[in-house]
Amino acid sequence: NLRLYNYAAMPGYAPEGCSTLTCLVMGDFYDWWKAKKDEGTYRAEKEKALADFIKIIENAFPETKGKTAAADLATPCTYERYTASYKGSWMSVWGPGGSSFIFPSASKSVEGLYFASERNQMPGGLPICAWAGRKAAQCLCRDNSMTFNCGE
-19 NLRLYNYAAM
-9 PGYAPEGCST
1 LTCLVMGDFY
11 DWWKAKKDEG
21 TYRAEKEKAL
31 ADFIKIIENA
41 FPETKGKTAA
51 ADLATPCTYE
61 RYTASYKGSW
71 MSVWGPGGSS
81 FIFPSASKSV
91 EGLYFASERN
101 QMPGGLPICA
111 WAGRKAAQCL
121 CRDNSMTFNC
131 GE
């Protein structure tokens, strides 16, 4: 499953006359990338995968051929290195037939314990992490009779 996102309509995402494009491949590739890292072929495989992506885009959109100004590729190992997330996961997932969930921001059994994580609510990711941090801070303020003020 390959997803492409074109940010051409978003002002400031790229210099005038250019566009930013992100590609996302859904799937569980952590073990494969981790093996490449352990074998010492990670960088070469990353460069090959990036070149393959550019070729796929150029074949689908011939007007882009030879016009890529900058490119980068993040693997599950990249996410693991930068965020220490489990197997390089950048968002939460649930299995077929499963349901979405929201974990509490404050523990019911341990006083003064609050949770803020990208896994507090589906689908996860940075926006959820920011939301969870705000929610935990609100719970902390409520439990300590303080007014929550985020500087707005």
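Residue 58 in my numbering is what sits at position 78 of the sequence shown, and the numbering runs on without skipping anything. Glycine included, each C-beta is placed from N, C-alpha and C at the ideal position.
Comparing C-alpha positions only, which one of the options sits nearest to residue i?
i	options	result
Thr44	Pro107, Tyr94, Gly(-3), Phe83	Gly(-3)
Leu1	Ser65, Ala15, Asn(-14), Phe41	Asn(-14)
Arg122	Leu30, Glu91, Gly131, Tyr10	Glu91
Arg99	Thr63, Glu25, Ile36	Thr63
Arg23	Lys47, Ala96, Leu53, Leu(-18)	Leu53
Met(-10)	Leu(-16), Arg(-17), Ser(-1)	Ser(-1)
Output the distance between the C-alpha atoms of residue i and residue j, rounded to the nearest integer angstrom.
i	j	result
Lys115	Pro107	12 Å
Asp32	Phe83	39 Å
Pro(-5)	Ser85	41 Å
Tyr66	Glu60	7 Å
Gly68	Thr55	8 Å
Gln14	Lys28	What sits at residue 14 in the sequence shown is Lys, not Gln. Spanning the two alpha carbons is a distance of roughly 16 Å.
Leu93	Ser87	6 Å
Tyr10	Lys16	10 Å
According to DSSP, is residue i helix, strand or coil?
i	result
Leu106	helix
Tyr(-7)	coil
Ala96	coil
Ala54	coil
Gly131	coil
So if DSSP puts residue i in a beta bridge, which residue, or which two residues, is it bridged to?
i	result
Asn(-16)	The question names Asn, but residue -16 is Leu in the sequence shown. Beta-bridge pairing links Leu(-16) to Cys3.
Ala86	Tyr94
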